[in-house]
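Numbering (full-length UniProt numbering), first residue to last: 1 to 554.
Just so it is clear, CB atoms sit at the ideal spot from N, CA and C, and this is done for glycine as well.
Remember, it's a predicted structure, so these values are computed and weren't measured experimentally.
Since the structure comes first, as structure tokens, the remarks are kept for the end.
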Ligand code: FAD
């Protein structure tokens, strides 16, 4: 069998090597238009930052090493220009000539390309770059010299924020411009607010709710919607990617949302013997069954392996993706899996959510760091829709447990049951994942009721009373119009409360307010917990908080 593979990185190379392990006699040719194959695209921002110090560390394999170990015929600098499904051939550009190559099976793994917006002046800008591959990385590095002081990153998604950190670490002044009202638009607003704060704390200028409307003076000036003008020596355009599907579409292969290549469960396209994997394909969001584009390395690698299995005759089906992603922004890690709250709402799912603050390991063991987890779930069935987390440490571990739980169809009740490894340096006997299961179960069973940060002002306007149960020493930042009774005094001071009122209880991070809620409920008061409590509220709505000095207050 002769197999041609278009694209020699994540999906394409996974397919090629797996195929070789399954079919020793197959002729396998990998065609890659760029100069490198099997390079670590996810590592590029870290090389720019100087954290990865040797360029060779990014180049995982060479055509020679792939020939020696896997017997692959790997052809860099060769672009597939056209596919001819009837003849089962492709046209390939090499140097200044073209040639034809036949196939029995063709695997398309051409990835995604950066979206380049049509903004006046952008075509004349000489300092705008994107980051998809090693030549892009080199072009960025070439632009950084002793005269490069100001960088502007347009688009605050994963690559944009990784690059903001990298450029800052290279000593540049960095501004990030994002059209959405928050950074990391795929994350929920209150969780992304922690990321924004970290960026600002590390000296990044963050401008949200604004897009670039023109590039002036060959890109040295970037004008925003509100007429702000940013100076830029180097601009990174990172407003998103779209499937690299032109080749497929021109060959008559059916495409779907945003031009993604449509495939069936076996990665078969609409053309016989042509398969496709990776960022270029439309996959199913496993939790909703809806078509989705998920541009992540783990699905691309898995799909590459699976398509090889399919071609070799093994029973393999693409079950779809839930989408699990993680990002380090300076000292903070942010991660998400499954559906965000807003994605669940847009899918018509009416999700319940809960936030839990915990520590990455036992609080009494030195170095414990705060961790905020969010769970998105169905209150009737306990079905898990998604999870998000921010924190300095231990975020990856919790997100991977939750991603595994969601992918496996576990429910809220199962999270409470999970038996996770524990010794004080590593975790807690009640891991944050268990805790969020307990908390969500409390909501499901009606033991606790909560309201969300974005519901607070409407609830108060409707006549509810906010009760803050933090200790007096913590009251340097306050809600407007809240009663204050420290939790430990609550039982003795219940008579100060109005039995006809309806209370919303808050503390610093949500545990003591839950305890207060239980005291109130069991004493006949109507009470709900402000989920995430003061800490979350002041992060996402800092303008609503009153700051007071305690001496003044005393
Ligand atoms: P790619 O790996 O992009 O490979 C496609 C290849 O096909 C390209 O090399 C391209 O040149 C080649 N090609 C296209 N058309 C043709 C043609 N006509 N002829 C020949 N060759 C062609 N994902 C994560 O999960 N975590 C991360 O931390 C992460 N970080 C990233 C950082 C950066 C800077 C980038 C760019 C991506 C990152 N990703 C990350 C995304 C991840 O790299 C992609 O999801 C994954 O590489 C997709 O695999 P793929 O095989 O579909 O495409």
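Which of helix, strand or coil DSSP assigns to residue i
{"i": "residue 93", "result": "strand"}
{"i": "residue 502", "result": "strand"}
{"i": "residue 336", "result": "strand"}
{"i": "residue 218", "result": "helix"}
{"i": "residue 275", "result": "strand"}
{"i": "residue 316", "result": "coil"}
{"i": "residue 57", "result": "helix"}
{"i": "residue 159", "result": "helix"}
{"i": "residue 188", "result": "coil"}
{"i": "residue 553", "result": "With a pLDDT of only 47 at residue 553, under 50, the local geometry of the prediction cannot be trusted, and no value is derived from it."}
{"i": "residue 243", "result": "strand"}
{"i": "residue 386", "result": "strand"}
{"i": "residue 19", "result": "helix"}
{"i": "residue 471", "result": "coil"}
{"i": "residue 304", "result": "helix"}
{"i": "residue 170", "result": "coil"}
{"i": "residue 194", "result": "helix"}
{"i": "residue 481", "result": "coil"}
{"i": "residue 264", "result": "coil"}
{"i": "residue 233", "result": "coil"}
{"i": "residue 116", "result": "coil"}
{"i": "residue 529", "result": "strand"}
{"i": "residue 294", "result": "coil"}
{"i": "residue 211", "result": "coil"}
Residue j beta carbon less than 8 angstroms from that of residue i
{"i": "residue 74", "j": "residue 83", "result": "no"}
{"i": "residue 234", "j": "residue 116", "result": "no"}
{"i": "residue 306", "j": "residue 112", "result": "no"}
{"i": "residue 403", "j": "residue 324", "result": "yes"}
{"i": "residue 278", "j": "residue 11", "result": "yes"}
{"i": "residue 374", "j": "residue 355", "result": "yes"}
{"i": "residue 555", "j": "residue 187", "result": "Residue 555 is absent from the model: the chain starts at 1 and stops at 554."}
{"i": "residue 487", "j": "residue 507", "result": "yes"}
{"i": "residue 156", "j": "residue 183", "result": "yes"}
{"i": "residue 483", "j": "residue 466", "result": "yes"}
{"i": "residue 174", "j": "residue 204", "result": "yes"}
{"i": "residue 434", "j": "residue 418", "result": "yes"}
{"i": "residue 333", "j": "residue 431", "result": "no"}
{"i": "residue 291", "j": "residue 257", "result": "yes"}
{"i": "residue 365", "j": "residue 425", "result": "yes"}
{"i": "residue 392", "j": "residue 331", "result": "yes"}
{"i": "residue 473", "j": "residue 428", "result": "no"}
{"i": "residue 143", "j": "residue 169", "result": "no"}
{"i": "residue 532", "j": "residue 510", "result": "yes"}
{"i": "residue 438", "j": "residue 461", "result": "no"}
{"i": "residue 504", "j": "residue 451", "result": "yes"}
{"i": "residue 382", "j": "residue 412", "result": "yes"}
{"i": "residue 368", "j": "residue 359", "result": "yes"}
Nearest to residue i (by Cα), restricted to the options the options
{"i": "residue 15", "options": "531, 302, 415, 284", "result": "302"}
{"i": "residue 59", "options": "92, 71, 8, 102", "result": "8"}
{"i": "residue 289", "options": "535, 453, 385, 253", "result": "385"}
{"i": "residue 536", "options": "25, 192, 97", "result": "192"}
{"i": "residue 108", "options": "407, 251, 499, 341", "result": "251"}
{"i": "residue 165", "options": "475, 202, 188", "result": "202"}
{"i": "residue 316", "options": "266, 37, 443, 183", "result": "266"}
{"i": "residue 214", "options": "208, 206, 231, 205", "result": "231"}
{"i": "residue 67", "options": "391, 127, 37", "result": "37"}
{"i": "residue 86", "options": "92, 106, 124, 70", "result": "106"}
{"i": "residue 448", "options": "454, 172, 530, 431", "result": "530"}
{"i": "residue 253", "options": "244, 246, 270", "result": "270"}
{"i": "residue 158", "options": "132, 172, 147", "result": "132"}
{"i": "residue 296", "options": "326, 220, 189, 272", "result": "326"}
{"i": "residue 148", "options": "517, 220, 92", "result": "220"}
{"i": "residue 23", "options": "71, 43, 54, 45", "result": "71"}
{"i": "residue 62", "options": "49, 539, 76", "result": "76"}
{"i": "residue 217", "options": "145, 120, 163, 286", "result": "120"}
{"i": "residue 135", "options": "97, 40, 181", "result": "40"}
Nearest-angstrom beta carbon gap, residue j and residue i [assumed within contact, 8 angstroms]
{"i": "residue 276", "j": "residue 263", "result": "5 angstroms"}
{"i": "residue 176", "j": "residue 199", "result": "7 angstroms"}
{"i": "residue 20", "j": "residue 28", "result": "6 angstroms"}
{"i": "residue 195", "j": "residue 329", "result": "5 angstroms"}
{"i": "residue 321", "j": "residue 281", "result": "In fact, because the Cβ distance is near 10 angstroms, the residues do not count as touching under 8 angstroms."}
{"i": "residue 470", "j": "residue 534", "result": "7 angstroms"}
{"i": "residue 440", "j": "residue 377", "result": "6 angstroms"}
{"i": "residue 245", "j": "residue 222", "result": "30 angstroms between Cβ atoms; not a contact."}
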